[in-house]
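Chemist:
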Amino acid sequence: MPKIKKIKLICFDLDGTLVNSVPDMRLALNAMLDDFSLPKCVDADVKTWVGDGIPMMVERALNYANNKNTSIDKAVSVFENHYAHYLNSASCLYDNVQETLFALQKKGYKIALITNKAERFLDGLLKNFSIYNAFDLLIGGDTLEKKKPDPLQVEFACAHFNVAKSEAVMVGDSKNDILAGKNAGLISIALTYGYNYGEPVSNLDPEYIIDKFKELLILL
């Protein structure tokens, strides 16, 4: 596998890339659905709903449950309260994430987290897994005016570190990550073990595809 040269900045997705967060989201979604007397979901359902931010995930859950009466805004509020409670209850890091992140940091790369998850949940989640200090910049789905697949978050990170787009890569597991990278003009690295709405990530034609997170140490 040839190395990607002259890279200074690595932008990472969160859910499905660093953290298997579906179990906690399922717990919170089911608590929300139960509050509205709606049928519950399972992990396999949630994996197809993750990636476009909390409001869209909640909307998909309500559609799944054939909701007729509950407003999305109200459901989002209820979900977020439950998610704050269940955060870090059952989620886990994927294999070799922690050691690989800090190894990349030690190599001198700037590291940004670019996620569509609401910013308020990032600190607690990252600190729980002892990877908070691996990041030089955190950008949530509500930090800026737009989120992935729009390139704004990625472009903001490049500007923040005064790094050319040719000197940065986007690493993720789903179409929003790969498209955000491509839309911003970055090299994209796709991981095969994530969510991507149940679709093969190879369909997105990323520049690189890897099966294990630690393979980044070979690429970079």
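Residue numbering for the sequence shown follows the working numbering, starting at 3 and increasing by one per position.
Each residue gets a CB set at the ideal place from its N, CA and C atoms; glycine is no exception.
None of these values were measured; they are calculated from a predicted model.
Rounded to whole angstroms, what is the Cα-Cα separation between K10 and P41?
Modeler: Within the sequence shown, the letter at position 8 stands for residue 10. Within the sequence shown, the letter at position 39 stands for residue 41. Straight-line Cα distance between these residues: approximately 47 Å.
Chemist: DSSP three-state label for C13, please.
Modeler: The residue labelled residue 13 in the question sits at position 11 within the sequence shown. Three-state result, C13: strand.
Chemist: I need the straight-line Cα distance from K149 to G142, nearest angstrom please.
Modeler: Taking the first residue of the sequence shown as position 1, residue 149 is located at position 147. Taking the first residue of the sequence shown as position 1, residue 142 is located at position 140. C-alpha separation (whole angstroms): 8 Å.
Chemist: Where does the unbroken beta strand (DSSP E) through G174 begin, and where does it stop?
Modeler: Here residue 174 refers to the residue found at position 172 when the sequence shown is read from its first residue. 170 to 174 is the extent of the beta strand (DSSP E) around G174.
Chemist: Roughly how many whole angstroms lie between the Cα atoms of N118 and P4?
Modeler: On the sequence shown, position 116 is the one that residue 118 refers to. On the sequence shown, position 2 is the one that residue 4 refers to. One C-alpha to the other measures close to 30 Å.
Chemist: Can you give the beta carbon distance from D213 to Y195, rounded, assuming they're within the 8 Å contact cut?
Modeler: If you number the sequence shown from 1, residue 213 lands on position 211. If you number the sequence shown from 1, residue 195 lands on position 193. D213 to Y195, Cβ: 7 Å. Contact.
Chemist: Would you mind sorting I133 into buried or exposed? The rule is 16 or more other CB atoms within 10 Å of its CB.
Modeler: The residue labelled residue 133 in the question sits at position 131 within the sequence shown. Buried, because 16 or more other Cβ atoms sit within 10 Å of the Cβ of I133.
Chemist: Candidates K167, D37, E209: which alpha carbon is nearest H84's?
Modeler: Locating residue 84 in the sequence shown gives position 82, counting from the first residue. Comparing Cα positions, the closest option is D37.
Chemist: With distances taken from CA atoms, which of D138, E121, L95 is nearest G276?
Modeler: Residue 276 lies beyond the range of the chain shown here (3 to 222); nothing can be said about it.
Chemist: Taking the alpha helix (DSSP H) that Y88 falls in, what are its first and last residues?
Modeler: As a working mapping, residue 88 is identified with position 86 in the sequence shown. Element bounds for Y88: 74 to 88.
Chemist: Got a sec, what are the start and stop residues for the alpha helix (DSSP H) L40 sits in?
Modeler: Residue numbering aside, residue 40 sits at position 38 when the sequence shown is read from its first letter. No alpha helix (DSSP H) contains L40, which DSSP labels as neither H nor E.
Chemist: Are at least three pairs of beta-carbons, each pair with one atom in the stretch 155 to 169 and one in the stretch 179 to 189, less than 8 Å apart?
Modeler: These segments touch.
Chemist: Are three or more beta carbon pairs between the stretch 200 to 216 and the stretch 89 to 104 nearer than 8 Å?
Modeler: At 8 Å Cβ cutoff, the stretches touch.
Chemist: Out of L222, D207, Y199, I220, which has the shortest C-alpha to C-alpha gap to M59?
Modeler: Residue 59 sits at position 57 when you count from the first residue of the sequence shown. For the residues L222, D207, Y199, I220, the minimum Cα distance to M59 belongs to Y199.
Chemist: If we call anything under 8 Å between Cβ atoms a contact, is K129 one with F163?
Modeler: As a position in the sequence shown, residue 129 is number 127, starting the count at 1. As a position in the sequence shown, residue 163 is number 161, starting the count at 1. Cβ atoms of K129 and F163: not closer than 8 Å.
Chemist: Use the C-beta contact count for V44: other C-beta atoms within 10 angstroms, 16 or more gives buried, fewer gives exposed.
Modeler: As a first step, residue 44 must be located in the sequence shown, where it is residue number 42. Under this definition V44 is an exposed residue.
Chemist: If you drop the 5 nearest sequence neighbours on each side, which residues of the same chain put their C-beta closer than 7 Å to that of A92?
Modeler: For this step, residue 92 is matched to residue 90 along the sequence shown. Taken in chain order, the residues that qualify are P25, D26, L29.
Chemist: Could you please give the first and the last residue of the uninterrupted alpha helix (DSSP H) stretch that includes I56?
Modeler: For the purposes of this step, residue 56 is taken as residue 54 along the sequence shown, with counting starting at 1. First-last of the alpha helix (DSSP H) with I56: 56 to 66.
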